[in-house]
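See below for the structure under consideration.
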C-alpha cells in the first residue's frame, strides 16, 4: 500500500509540474493565437467582423450644430462695440452612409465611394431648421478680403455692388437651414445676372454644406490589412492623389492614417494615432489621455494634443498651414481659406479652446471648457474599433479691418465664431452585447486557461509534495522504530544472565 501511495504522489507531483510548465508556455502561445484570430477578423474581407461594421457603420452618427447669435449688431455697426454672442443649439442631424462601388485591388487595397445623407432630428434639437440667427455677412466679407490688395477702383466698385442690392451690412439674419444647406445671396445673385448677359453661368447660393447632402467626397483607396495589420485602414489615395496640394510643405500635405472611425489593432498608450479629416482638409493626430469605459467595455481615450492648432512657434509641424507662407494665425487657429476658395475661414476648437487669450477676448460670450469642447475617441485597443467619439471643431471668419470699406474701417481684426459642430457616435446596446459575446467573453475565457492550468499545477504540486513529505517521514519513523526494537549484544548477555 505504501509503495502505491508513493508512486501516486510522485505521479501527481510530475503532473502538477507539467501543468505549471504547460500553463506558462501557453500564455504567449495563446496570446499569439488570439492575435492571429483578431488579425483575420479585422482584415477587410467579405464575411469578417470588421467588414460588416466598415461597410455600413452600425452605430448612429449625429452632427450637432451650435450657432453663435449676435446680440448687439447695431452697437457694433454704429458704435464699434465689441461683438457679443450667445450660443444656440444643438440642431442635430442623423448621418447615414453605406459604402458602395467597393473594389478589392490586387495590391491589397480597397477602393470605394461613401455617400452621406443628413436627416434633421427634431427630437434631438432645441428648435426647427427655420430658427434664425444674426451672423456675419459672409459673402460681403469674403469679397472685401478678396479685393483688399486690388486697385482702389475695384474696391469702390465692390462697395457699390453691395449698396446696389442693399447688402452693405456687416450682419445679416439667416436660418439654420440657410447657413448649413445654402441660401440665395443678394450680392451673388446680382453678379449672376451680370454674368448671364455674357453667357457665363454662376451659382448665386452659399452654404457651408451646400450641395453636400446625398453626395460623396470622391473615391477613397485604403489598406485592407492583407499585407500587414500595422497599416489597416490607412488611406493610400483620395480621388487618385496620395497628397494634398493646399498647403506649403510636404508634411502638411500628407494624407496620414485612417478616416478616424477605425484604426489598426493592438494599439498602445504610447501611440500617436493619425487620421485624415477631409472636411477640414488636413491630417491630425490624437494621443492617449486615460483609460475609459463605454457601456461596460474597457477602452483607451485618445484626444488631440493641446498644441494641434498652434502657430509654428509652438508647434513647428504646423508651418505649412501658414498660407501664404509666413502668414500664421494666432495659437489655436488654422487657416482653411486655401481649401475653401479663398474665403477667410479658420478652424479652432469650440469656444476657442486652447487658443490665445486675445482671440478668446475678441468676442464676448466665449466660454471654453475642456469637458464640453474637447475632441476625443474611446477605442478598443485590441481591435482598433472606435466605440465612442466626439469630434468637435469650430468654423470662424476673420472680420478684417479695412479703411477702404465703410462698415469695417473702424473695427479691429476679430475672429468671429460662426458655428461649431460635434460629430458624435456611441456603440449601441446590440453591438455592445455582440462584442462582448463574440469577442470579449471568449477571449477572457481563453486567456484564463493558462492561469487555471498554472493554479491547478501549483495546487497538485503542493498536495503531492506534502504527501511525499509525509510518506518520507512515515518511512523514516518506521526505520527508527525498527532500529530501537532490534536486540543488541548487551541485551543478549542480560537475558542469558537471568
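Residue numbers (my numbering): 8 to 505.
Ideal Cβ placement from N, Cα and C applies to all residues, glycine included.
- Three or more Cβ pairs closer than 8 Å define a contact, and the region 237–247 meets that threshold against the region 259–269.
- Assignment of residue 226 by DSSP, reduced to helix, strand and coil, places it in the strand class.
- In the DSSP assignment, residue 86 is bridged to no other residue.
- Note: residue 102 is bridge-paired with 68 and 125 in the DSSP secondary-structure output.
- Secondary-structure assignment with DSSP links residue 248 through a beta bridge to 245.
- Distance from the Cα of residue 212 is smallest, within the candidate group 197, 49 and 389, for 197.
- Contact between the region 126–144 and the region 388–398 is not established, with fewer than three Cβ pairs separated by less than 8 Å.
- Listed in chain order, the non-local C-beta contacts of residue 416 below 6 Å within the same chain comprise 410, local neighbours out to five positions each way being set aside.
- DSSP, read as helix, strand or coil, puts residue 425 in strand.
- For the 8 Å CB-CB criterion, residue 113 and residue 471 do not form a contact.
- Assignment of residue 203 by DSSP, reduced to helix, strand and coil, places it in the helix class.
- Residue 380 sits buried, since 16 or more C-beta atoms from the chains shown fall within 10 Å of its C-beta.
- Under the Cβ criterion (8 Å, minimum of three pairs), the region 336–346 counts as touching the region 315–325.
- Shown here, residue 384 sits in a strand according to DSSP, grouped into three states.
- Excluding five sequence positions before and after residue 427, the CB atoms of its chain that fall closer than 6 Å to its own CB belong to 73, 357 and 401, given in chain order.
- Residue 436 and residue 214 have their C-alpha atoms spaced approximately 36 Å apart.
- Put simply, the region 245–261 touches the region 284–299. At least three CB pairs are less than 8 Å apart.
- For residue 81, the closest of 276, 142, 223 and 181 by C-alpha to C-alpha distance is 142.
- In this structure, residue 327 lies away from residue 432, with their beta-carbon atoms at least 8 Å apart.
- For residue 308, there is no enclosing alpha helix (DSSP H); the enclosing beta strand (DSSP E) has its first and last residue at 304–310.
- Residues of the same chain with a CB within less than 6 Å of the CB of residue 121, apart from the 5 flanking positions on each side, are 104, 106 and 223 in chain order.
- The DSSP-derived three-state label of residue 296 is strand.
- 227 is the residue among 270, 227 and 145 whose C-alpha sits nearest the C-alpha of residue 250.
- The beta carbon of residue 236 sits closer than 8 Å to those of 46, 49, 50, 271, 272 and 273, all from its chain and outside the five residues before and after it, given in chain order.
- In this structure, residue 128 lies near residue 100, with their beta-carbon atoms less than 8 Å apart.
- A distance below 8 Å between beta-carbons, with the five flanking residues on each side excluded, links residue 404 to the following residues of its chain, in chain order: 143, 145, 148, 350, 351, 352, 353, 422, 423 and 425.
- Taking C-beta separations shorter than 6 Å and ignoring five residues to either side along the sequence, the partners of residue 71 in its chain run 97, 99 and 429, following chain order.
- Closest by C-alpha distance to residue 220, out of 126, 414, 275 and 83, is 126.
- According to the DSSP assignment, residue 119 belongs to no alpha helix (DSSP H) but to the beta strand (DSSP E) extending over 116–120.
- Residue 358 sits in a helix when the DSSP states are folded into three classes.
- In terms of Cβ geometry, residue 465 and residue 19 do not form a close pair [threshold 8 Å].
- Check the Cα spacing between residue 109 and each of 309, 61, 41 and 153: the tightest is with 61.
- Among the bridge pairs identified by DSSP, residue 91 is matched with 371.
- With a 10 Å radius around the Cβ and a threshold of 16 neighbouring Cβ atoms, residue 40 comes out exposed.
- For residue 403, the enclosing beta strand (DSSP E) stretches over residues 393–406.
- Note on geometry: alpha-carbon atoms of residue 123 and residue 284 lie some 15 Å from one another.
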